[in-house]
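Colleague:
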Amino acid sequence: MKKKDYKWRALVFNPIIVVVYGIGCYSLSLLAKYGGVALRAPIILIAFLSLFIWFAWCLYRSKRKRSTTKKRTSSALEKISKLWVMVSTISLVVITFATGINIYQSGTNLQGKLAFVIEDLFNKRKVEFVHDNVYKDDLDGLFADLQTKIDLPNELYLSNHFDLTFTKDGQITSLYSFLYGLNDDGEIKSFLIDYDRSKSNDITVYLNGYTDTPFDETMKLRPLINNVKNLPIKETVDDWNEETLGIYYAGYRSWGYNTEGILYFDEEGDTFPIETAKDEITGYTISVYAPNSSGITPVRFVDYSSISDSLQDKVSIANQDKNDEETYFINEYLGYQLSVVDAAAGSRFYTLNQTLDGGNTWEIFNPNPFSGEIGTSTGITFIDEKLGFIGLSHGGSTYADLYRTTDGGSTFEKVELPTIEVPLTDTEKYAPFDFPEMPSKENGNLFLLVGQGEDGDHNGGSKVLYRSTDDGATWEYAEEII
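Just so you know, our numbering puts 533 at position 477 of the sequence shown, and the rest follows in order with no gaps.
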């Protein structure tokens, strides 16, 4: 039996080689977790290139040694060599195993830069924006460009809103919207569309994101696409003397009885103002506004042709359901419901009911979830069986409060949010964001949109986004969403 040459193996896997391999693997782990190609790639390249050259030289030397007479190795040196071969082998295995674990962790659950690279590889698309003039190409051009790289459903719905800015010449400068719909196989597909001309000439589209998908008829995108081409948008903004202009769309909306800035339009795009509103003003609304000027009243084009009894009935029923009984099921059997037990002057007193049999029977679980406060329910959601949120609006839906439970609805506490103030005049500020929606969970964090209520119209009806990393105990401001 051929005797193993431990002296030669100890030379091949000497301490310097183990250290160089460790440096290369450590740098590789840091690259996967934090990125920084310019800083770490040279170190990785030098380390592994050095190892390759060394092993190539060792292989060459090994072949030459076969043709020469081997010298006898002392027993002490043989033992030391054998011991080092064992130590180096274990070290290399441990380093490799630890590096593999670190890279795996960095590549999963968005815990490292590698995870974002993988996420972008599968769910991010860049689309060349060719038809980028809202006057010449309307929005048909935008979606024609998107179709070159992405298979869009025939019917798209808004998850939140559609916001677009453009120059006075019609050049689109920014775009944001979160859309979803059903593909030909009946699968739900979502599309977060983001474009900023100052950063790139390409549209960025993020696929397969989380979205609440009610497929609400009032949130259809089609009325926007069909009507932008017919509306007198250019004529509307010509007298504004603004470099930056905007189009904002959030589906079928109610404007109450406030006629300021409201123009009805028909299927041909002909518009007519409203002097006095005898009925509530509702309809698919396309708002044209000046983002950088608070002194210019937005013009809100309301689709007169969409004002059908069936759609108004649907909106009315949806609002009534929302105001009277909010229901949320955690699973097939366990559900909660905010139920009205008393009402007066537009305000309501609620109990929190629970079902354990899928809604066949309900029992009062918490007789006073809002701690004696009255108002109109704005929603209910549960993140898990313990953590949940409910909302209550006041003053005719001009502002609202959010309540949080950590014991499955037995008790609730009012959520405190950092106040965001914006300029009202040169010397005064005010806090327009006072109408929190229901939080949602994504990648381990909670996210909360806060709007402005019925009396708010700051920045085209914008909202602010808050983030929580401790299940809603505390919140921090993330960004304003226009």
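Cβ atoms here follow ideal geometry from the backbone N, Cα and C, with glycine treated the same way.
Let me make sure I understand the geometry here. Which of T223, F69 and G80 has the alpha-carbon closest to that of T152?
Modeller: When each option's Cα is compared against that of T152, the closest is G80.
Colleague: Can you check which of these residues, F178, G237, K290 and F385, is closest to Y213 by C-alpha distance?
Modeller: G237
Colleague: Measure the alpha-carbon distance for I476 versus Y191 and round it to whole angstroms.
Modeller: 36 Å
Colleague: At the level of alpha carbons, what is the spacing between Y320 and T327?
Modeller: 5 Å
Colleague: What residues are listed by DSSP as bridge partners for E441?
Modeller: The partner list for E441 (beta bridge, DSSP) is empty, contrary to what the question assumes.
Colleague: S256 by DSSP, collapsed to three states: which one?
Modeller: Coil.
Colleague: By alpha-carbon positions, which one of S144, R309, M494 and W311 ends up nearest to L448?
Modeller: M494
Colleague: Measuring alpha carbon to alpha carbon, tell me which residue in G302, G391 and Y384 is nearest N348.
Modeller: G302
Colleague: What's the C-alpha gap between I100 and L263?
Modeller: 33 Å
Colleague: Using the C-alpha atoms, what's the distance from I352 back to P425?
Modeller: 42 Å
Colleague: Does the distance from the CB of K138 to the CB of D258 come in under 7 Å?
Modeller: no
Colleague: In angstroms, rounded to a whole number, what distance separates the CA positions of E510 and S453?
Modeller: 6 Å
Colleague: Report yes if the CB atom of K53 is closer than 7 Å to the CB atom of G500, and no otherwise.
Modeller: Nothing about residue 53 can be reported from this structure: the residues present for the chain run from 57 to 538 only.
Colleague: Based on Cα-Cα distance, which residue from Q227, S395 and G415 lies nearest to E388?
Modeller: G415
Colleague: For Q167, tell me which candidate among F234, F489, Y90 and D294 has the shortest Cα-Cα distance.
Modeller: Considering only alpha carbons, the answer is Y90.
Colleague: Using a Cβ distance threshold of 8 Å, determine whether the region 206-226 contacts the region 276-293, with at least three qualifying pairs required.
Modeller: Yes, the region 206-226 is in contact with the region 276-293.
Colleague: Which whole-angstrom value describes the C-beta separation of Y406 and L473, a residue pair presumed to lie in contact below a C-beta threshold of 8 Å?
Modeller: Not quite, the Cβ-Cβ distance comes to about 22 Å (not below 8 Å), so this is no contact.
Colleague: Check S85 in the structure and name its three-state DSSP category.
Modeller: In this structure, S85 counts as helix in the three-state DSSP scheme.
Colleague: Assuming K485 and T462 are in contact, meaning their beta carbons sit under 8 Å apart, how far apart are those beta carbons, in whole angstroms?
Modeller: No, K485 and T462 are not in contact; Cβ-Cβ is about 34 Å, not under 8 Å.
Colleague: Does the region 200-216 come within contact of the region 157-177, defined as at least 3 CB pairs closer than 8 Å?
Modeller: no
Colleague: Does the beta-carbon distance from G317 to P354 come in below 7 Å?
Modeller: Result yes, Cβ atoms of G317 and P354 sit closer than 7 Å.
Colleague: Does DSSP put S427 in a helix, a strand or coil?
Modeller: coil
Colleague: At the level of alpha carbons, what is the spacing between N515 and L231?
Modeller: 15 Å
Colleague: Report the residue from I439, A487, G444 and T483 whose alpha carbon sits nearest the alpha carbon of Y455.
Modeller: A487
Colleague: Could you say which of D193, T145 and V261 lies nearest to L177 if we only look at CA atoms?
Modeller: V261
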